[in-house]
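Notes follow once the structure below has been shown.
Protein chains in written order, with this note's numbering: chain B, 260 to 416; chain Y, 260 to 416; chain E, 260 to 416; chain C, 260 to 416; chain F, 260 to 416; chain V, 260 to 416.
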């Protein structure tokens with residue numbers, strides 16, 4: 260039944276033969292971009308949760324705290340958004356029907372990862388930030404497997 | 260079998276109960292944004308194909324032609340990219356597992372539409388630009404149906 | 260006297276005959292873009308005013324509140340800015356001296372609308388957000404009237 | 260009659276007393292930003308017109324020429340857009356009804372200048388680029404006059 | 260010894276003869292852009308420090324305060340970032356090995372100025388904001404001296 | 260003598276003790292971002308040089324060629340700019356006076372690399388694109404050495 264679905268999908272895609280030059284390994288795709296920004300989401304989430312609220316009567320400390328908190332939230336937002344964009348570029352431009360055949364949970368994986376990016380914006384959740392890292396690692400493995408390359412996973416932080 | 264797949268997908272999504280406030284009709288989503296930019300893609304594609312190449316010996320006309328062509332290509336690129344982004348916001352943020360149950364081709368529809376946006380950048384193809392408009396209209400119908408609203412489809416151009 | 264002013268304005272505009280290809284209905288302009296972002300301004304303003312301040316002793320709730328508030332303010336800012344940009348594109352690129360003749364309050368309408376966008380950033384005012392929606396609706400009516408088209412006004416939210 | 264129009268405009272503006280803190284000279288506005296980008300428009304226009312078309316049989320020279328031409332057009336576009344944005348910030352945020360009373364051609368001046376920015380994108384016209392510089396200089400004079408300051412006009416290029 | 264270092268630097272730079280057309284004073288560079296945004300950093304820093312915290316029981320005033328504070332922090336961030344970008348364009352594109360010979364502290368000056376931009380984001384420090392203004396003024400003097408022009412330093416605010 | 264220069268530099272830097280929390284390995288920096296975009300510059304440069312010019316009488320092929328060439332030039336520009344930005348973040352935010360002591364050619368290395376980014380925009384030069392890759396690799400080695408980590412260098416393409 261899955262084969263039929265895939266056949267149907269392939270039939271409905273715009274003229275793949277036109278894009279033949281993209282089927283080869285000529286583009287520069289690397290999930291490392293998404294990994295770096297996802298690490299920043301984890302780091303910012305952790306730093307927000309670790310911030311110590313100063314005594315409200317200490318005005319200088321309170322302003323410094325608010326400046327830091329505001330910036331950390333904005334950076335978390337920006338980095339989660341970049342992670343989402345970089346992952347979606349892989350989904351929309353790199354992965355092709357032939358890969359879907361090999362990875363039937365391709366759509367589900369990316370939908371879940373993209374929704375995790377949004378969850379990391381909406382919430383300050385170390386749990387969801389870590390789940391996002393796991394999702395990026397899963398995509399890292401999936402991606403390099405399609406290229407038959409063994410690129411090791413590491414974290415910068 | 261599809262039901263099993265959907266059940267599996269739902270099981271693997273991040274804590275939907277946390278996002279309960281988003282399940283209601285509180286957000287502002289409207290496929291009209293994507294429709295407007297897709298129209299611009301159609302229009303730019305058509306204008307590029309209709310441009311008349313001036314006589315190379317007429318330097319002023321040649322420079323004007325190159326300026327116009329360069330801008331049209333850049334605008335087509337930008338508008339196709341915006342269409343892609345606006346469609347993907349619907350896919351990643353508005354549509355939820357409950358909608359997937361109702362529209363089993365949800366992922367396929369958005370993947371195809373996103374790949375059409377990329378195709379409209381890579382090529383100067385009136386055919387693909389029109390297919391993109393059709394894909395946006397399909398999403399327009401799907402979207403408003405999930406809200407039980409009858410919003411009529413129109414084009415600005 | 261108004262006619263004289265308009266005649267004077269027309270005399271001072273850069274070579275309209277050069278832009279003859281733009282005088283026709285070839286461009287893709289649609290006030291729906293500004294309507295969607297203005298709706299987001301109204302929605303965000305309302306959500307900010309409706310947020311419940313948690314007990315300061317509940318650290319987790321306080322962080323969640325600050326994250327949400329910070330994001331809502333940033334989204335309000337961004338959407339008000341986009342509304343302003345989309346309205347000003349209509350004013351600077353779509354509307355031409357011939358329209359000013361028909362709508363002598365054209366400049367006033369757009370100046371007021373743009374200043375309302377700024378007011379919606381500076382303040383958290385449901386009143387000004389609603390006035391912005393009214394201004395966008397007025398421009399919607401004015402715009403489609405210049406095209407002799409009857410496009411109905413609706414809201415996505 | 261103009262006084263009546265102005266009175267009418269003032270009546271219809273959103274609660275100016277709310278913005279009292281902005282009526283003083285506390286913001287940082289300076290038409291120099293628009294002057295710098297307008298100079299870039301003039302410079303890019305001139306450079307495009309001065310480019311020498313290489314012999315089509317010289318492939319290396321032709322590619323270099325196309326790279327340069329493409330970039331100059333894109334930079335002209337970007338700088339004209341920035342000029343437009345910086346001028347419109349002055350119009351929508353700095354200038355207030357009281358200034359309109361003093362400069363009845365305020366709206367006309369900015370509309371004309373904004374349309375010149377668009378013309379400088381659409382065309383490769385040294386004439387319109389120079390007219391844009393003149394428009395920016397007029398706004399420079401108008402702006403500093405409202406602040407009773409004598410800031411001299413200069414060009415960086 | 261410094262001369263040797265400079266000679267070494269010059270030897271290792273990419274083919275300066277290729278860029279001969281840039282060696283002349285044809286580009287449009289002006290430290291005024293960085294000066295305007297640095298003034299905004301000073302202004303925003305001062306405004307943040309001067310904000311009066313409302314009584315927490317006054318909900319309307321508290322929301323207005325949070326909206327204002329959030330925006331001021333975001334504007335400070337944005338303007339400090341723009342200052343950094345504009346300064347670095349001067350360092351990477353305008354200044355050339357021949358200038359380094361004349362100003363041996365060129366790298367140090369820009370490194371310090373860029374780090375001050377970052378410090379003005381991280382902190383709410385009037386002292387560092389003023390030091391940034393001084394750094395921009397130093398660069399203003401250095402820049403115009405390389406062009407043998409006497410452009411007077413002024414502030415818009 | 261170099262030690263004196265460094266001592267002087269350290270004396271003139273803004274309050275390093277304030278930033279003590281940044282001296283630890285808490286930030287997320289990774290030269291892989293710059294490596295990915297530099298690879299794209301190399302790839303785009305190569306593709307531009309490899310494009311075959313169609314017969315001018317074949318209008319469809321000529322339009323396709325111009326669309327492709329225009330996009331490749333724009334992508335090269337964008338990726339070179341991103342490379343520059345990512346490298347400069349390392350230079351201005353990650354590297355500190357203590358690193359300069361260890362790497363006296365730190366400034367020179369980054370200045371050269373940034374100028375190579377600009378050269379890769381201005382030209383279509385495989386040689387300079389490759390030199391940019393080498394510069395990024397040198398920075399990769401320098402960066403990980405400061406962290407006493409052995410992260411292997413690889414290319415995605």
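A virtual CB, placed ideally from N, CA and C, is assigned to each residue, including glycine.
- In the displayed model, residue 384 (chain V) falls within coil according to three-state DSSP, outside both helix and strand.
- At a cut-off of 4 residues, the continuous stretches assigned as alpha helix (DSSP H) that sit fully inside the stretch 318 to 398 of chain Y are 318 to 348, 356 to 361, 365 to 381.
- When E:349, E:377, E:300 are compared, the shortest CA-CA separation from residue 308 (chain E) is found for E:300.
- In this structure, V:377 is the residue among V:325, V:323, V:377, V:322 with its C-alpha nearest to the C-alpha of residue 347 (chain V).
- With contacts defined by Cβ atoms closer than 9 Å, residue 286 (chain E) and residue 352 (chain E) form a contacting pair.
- Of the residues assessed, residue 289 (chain F) falls on the buried side of the cut-off, its CB having 16 or more other CB atoms within 10 angstroms.
- For the stretch 293 to 318 of chain V, no residue has a beta-carbon sitting nearer than 8 Å to a beta-carbon of chain F.
- Between residue 304 (chain F) and residue 341 (chain F), the C-beta spacing is not below 9 Å.
- For residue 339 (chain V), no Cβ of chain Y is located within less than 9 Å of the residue's own Cβ.
- One finds 351, 352 in chain Y with Cβ atoms closer than 8 Å to the Cβ of residue 377 (chain B), taken in chain order.
- Per DSSP, the continuous alpha helix (DSSP H) segment holding residue 298 (chain V) begins and ends at 291 to 309.
- Exclusion of the five residues before and after residue 368 (chain C) leaves 362, 394, 397, 398, 401 as the residues of its chain whose Cβ lies within less than 8 Å of its Cβ.
- Within its own chain, the residues whose Cβ lies closer than 7 Å to the Cβ of residue 358 (chain Y), once the five positions on either side in sequence are excluded, are 365, 405, listed in chain order.
- Listed by position along chain E, the residues whose Cβ is nearer than 7 Å to that of residue 383 (chain Y) form an empty set, because the closest Cβ is around 17 Å away.
- Comparing alpha carbon positions, the residue from B:325, B:311, B:292 closest to residue 380 (chain F) is B:325.
- For residue 380 (chain Y), the chain V residues whose C-beta falls within less than 8 Å of its own C-beta are 330, listed in chain order.
- Residue 372 (chain V) sits away from residue 298 (chain V), with the two beta carbons spaced by 9 Å or more.
- The beta carbon of residue 296 (chain E) lies closer than 8 Å to those of 338, 339, 341, 342, 345 in the same chain, with the five residues before and after it left out.
- The three-state reading of DSSP puts residue 403 (chain B) in helix, counting H, G and I together.
- Of V:291, V:310, V:323, the smallest CA-CA separation from residue 385 (chain Y) is found for V:323.
- When rounded, the separation of the alpha-carbon atoms in residue 306 (chain F) and residue 408 (chain Y) is 47 Å.
- At least one CB atom of chain C sits nearer than 9 Å to the CB of residue 410 (chain F).
- The Cβ atoms of residue 327 (chain F) and residue 312 (chain E) lie no closer than 9 Å to each other.
- For residue 324 (chain F), no Cβ of chain C is located within less than 9 Å of the residue's own Cβ.
- Exposed is the label assigned to residue 412 (chain V), since fewer than 16 other Cβ atoms lie within 10 Å of its Cβ.
- Listed along chain V, the residues sitting closer than 8 Å to residue 287 (chain B) by beta-carbon distance are 295, 298, 299, 302, 415, 416.
- Linking residue 319 (chain E) to residue 310 (chain F) through their CA atoms gives a straight-line distance of about 27 Å.
- Just measuring C-alpha positions, the residue of Y:374, Y:354, Y:389 sitting nearest residue 302 (chain Y) is Y:389.
- Note on residue 316 (chain F): under 16 other CB atoms within 10 angstroms of its CB, so exposed under the neighbour-count rule.
- At a beta-carbon threshold of 7 Å, the residues of chain E lying near residue 373 (chain C) are 351, ordered along the chain.
- For a Cβ distance threshold of 8 Å, residue set 330, 333 of chain E lies close to residue 336 (chain B), ordered along the chain.
- At least one beta carbon of chain F lies nearer than 9 Å to the beta carbon of residue 343 (chain V).
- In summary, the residues of the stretch 358 to 370 of chain F whose CB is separated from some CB of chain V by less than 8 Å are 366, 367, 370, in the order they occur in the chain.
- About 5 Å separates the beta carbons of residue 291 (chain C) and residue 291 (chain F), which is inside the 8 Å limit, making them a contact pair.
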